[in-house]
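Report on one structure; see the data block that follows.
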Amino acid sequence: HSKDNTGEVIQNKLIEHLHKEPNIQLFTGYTAVDLLTPSHHALNRLEVYNNDSCSGAYIFDQKKETVIPIFARKTILATGGLGQIYLRSSNPSWARGDGLAMAYRTGARAINCEFIQFHPTTFHYKMAPHFLISESVRGAGAKLVDNRGEPFMKKYDPEWEDLAPRDVVARAIHEEMLIHDTPNVYLDFASYIPSVEIQKNFPKIYQSCLEYGIDITREPVPVVPGAHYFCGGVWVNQWSQTTIENLYAVGEVSCTGVHGANRLASASLLEGVIWGHLTAEHIRRNLPATQKPDPANFPPWKDLGVEEPDPALISQDMSSIRNMMWNYVGVTRTADRLARALRELRSLESEIERFYRVSKLSDSLIGLRNAVRAALIVTTAAWANKNSMGCHYRLS
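The sequence shown begins at -11 in the numbering used here and counts up one residue at a time.
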């Protein structure tokens, strides 16, 4: 544990060790385009009769604007979540659902994809990014208040109030914003926690808010719910194996079953560390018996696109996806909203696929294609599940 910054500390330590390993080659400035599977890509068309397997990936060199194959006996998907398919998210800009979309195109099984956890409190101020305000601050005494400074959680959960489960708090905030027609509610530290304790126990949150001119020791913080964690994903077993031979998935892109319909705070850190270790152990034991893919069996990438991708179209299409998902497949869902989302996303995906086929590749175009597919996977699962459970909440 490291104050309000445990995840980043774990990540930085692992990256530090990664750079020290002489047998690991890191590629930066590259984007995965698709997984290499013999049934889809091999020159020998009889491969379609064999079990699905993965032989590596096609990756896009952003600087040279070329696609190269990287062959591997074992491939691990560790691409994170898909929060950026929503208008508001605590996720980094690259969390577009790339891994989920690539796995889907190979035929890998994905489950529980309707379960998107919305964190109740992400920072919401002018043009600032929506970074996370941990619920640990509410555990320390901070309270959610409306635009008049009045606490409101008691009427939504009389027993737990501000410490209610994330989905309950997120829906309560969403409702308060609708009732008062306000763009956000507020998280009040200053009235409930001494200034010294705030700076001591929540240094990262304090500094992050201060960068945008908000001193949480003196004034409340504007917050809104934001897409935070994808509880579903690519199905894996206890060794992180997917339904595609030689393809593993670890972390948020995977679905181990640990989180069910609603993840508990920090459980994903443990999941990532444990399943990451199990994956490495399984690969270490089985790698010697795994046949190396023969590059001669796979064709070079055919770059058919000749047009420069129009950034205005990419930006508008991504904006459409984010707004649709936020309004129709967000904190609360209805049959009508989901039906409309399915119609509009299917139409948009057709347009994006046409655009993708005639354009030169770019990271943003690859991300757009994956984002609309990920959005459709989530929406289809939400439509199919008629029952409210965990972070999937249907009004109808």
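From the three backbone atoms N, C-alpha and C, an ideal C-beta is built for every residue, glycine too.
Values in this document were obtained by computation on a predicted structure and should not be read as measured data.
*Nearest to Gln304 by CA position, among Ser352, Glu296, Leu34, is which residue?*
Ser352
*asked:* Using the Cβ count rule (16 or more neighbours within 10 Å means buried), how would you classify Ala323?
replied: So Ala323 counts as exposed.
*How about Gly201 and Asn100: are their beta carbons less than 8 Å apart?*
no
*Is the Cβ-Cβ distance between Arg153 and Asn79 less than 8 Å?*
Per the sequence shown, residue 153 should be read as Pro rather than Arg. Their beta carbons are not under 8 Å apart, which means Pro153 does not touch Asn79 by this criterion.
*Determine the contact status of Val360 and Ile309, defining contact as a CB-CB distance below 8 Å.*
yes
*Within the same chain, show all residues whose beta-carbon is closer than 8 Å to that of Phe140, passing over the 5 residues directly before and after it, in chain order.*
Leu132, Val133, Asp134, Ala160, Glu164, Val173
*Can you say whether Thr230 is buried or exposed, counting buried as having 16 or more other CB atoms within 10 angstroms of its CB?*
buried
*For Pro281, which residues from the same chain have a beta carbon less than 6 Å from its beta carbon, with the 5 sequence-adjacent residues on both sides left out?*
Taking C-beta separations shorter than 6 Å and ignoring five residues to either side along the sequence, the partners of Pro281 in its chain run Ser43, Phe59, following chain order.
*Alpha carbon to alpha carbon, how far is Lys143 from Thr19? Give it in angstroms, no decimals.*
47 Å
*Across which residues does DSSP place Thr110 in a beta bridge pair?*
Leu120, Val212
*If you draw a straight line from the alpha carbon of Asn39 to that of Ser(-10), how long is it in whole angstroms?*
45 Å
_Would you say Ile56 lies against chain D (beta-carbon separation less than 8 Å)?_
Of the chains in the structure shown, none is chain D; there is only one protein chain.
*asked:* What would DSSP say about His270, mapped onto helix, strand or coil?
replied: Residue state for His270 is assigned as helix, using DSSP reduced to three classes.
*Using the C-alpha atoms, what's the distance from Arg357 back to Glu337?*
Approximately 7 Å, taken between the alpha carbons.
_Closer than 8 Å is the cut-off here; do at least three beta carbon pairs connect the region 330 to 345 with the region 289 to 302?_
Touching, yes, given that three or more Cβ pairs across the two stretches are closer than 8 Å.
_Counterpart residues of Lys131 in DSSP-defined beta bridges_ = Asp176
*Can you tell me where the beta strand (DSSP E) with Leu65 in it begins and where it stops?*
63 to 65
*Count the other CB atoms within 10 Å of the CB of Ser179; is the residue buried (16 or more) or exposed (fewer)?*
exposed
_By the three-class DSSP mapping on this structure, what secondary structure does Ile385 have?_
Because the chain in this structure spans residues -11 to 384, residue 385 falls outside the shown range and cannot be described.
*Throw me the rounded Cβ distance for the Ala363 and Met313 pair, which I believe falls under 8 Å.*
The C-beta distance from Ala363 to Met313 rounds to 6 Å, short enough to meet the 8 Å contact threshold.
*Helix or strand or just coil, what does DSSP make of Gln72?*
It is helical.
*Contacting residues, own chain, Cβ-Cβ under 7 Å from Leu333 (five flanking each side not counted)*: Met312, Val360, Ala363, Leu364, Thr367
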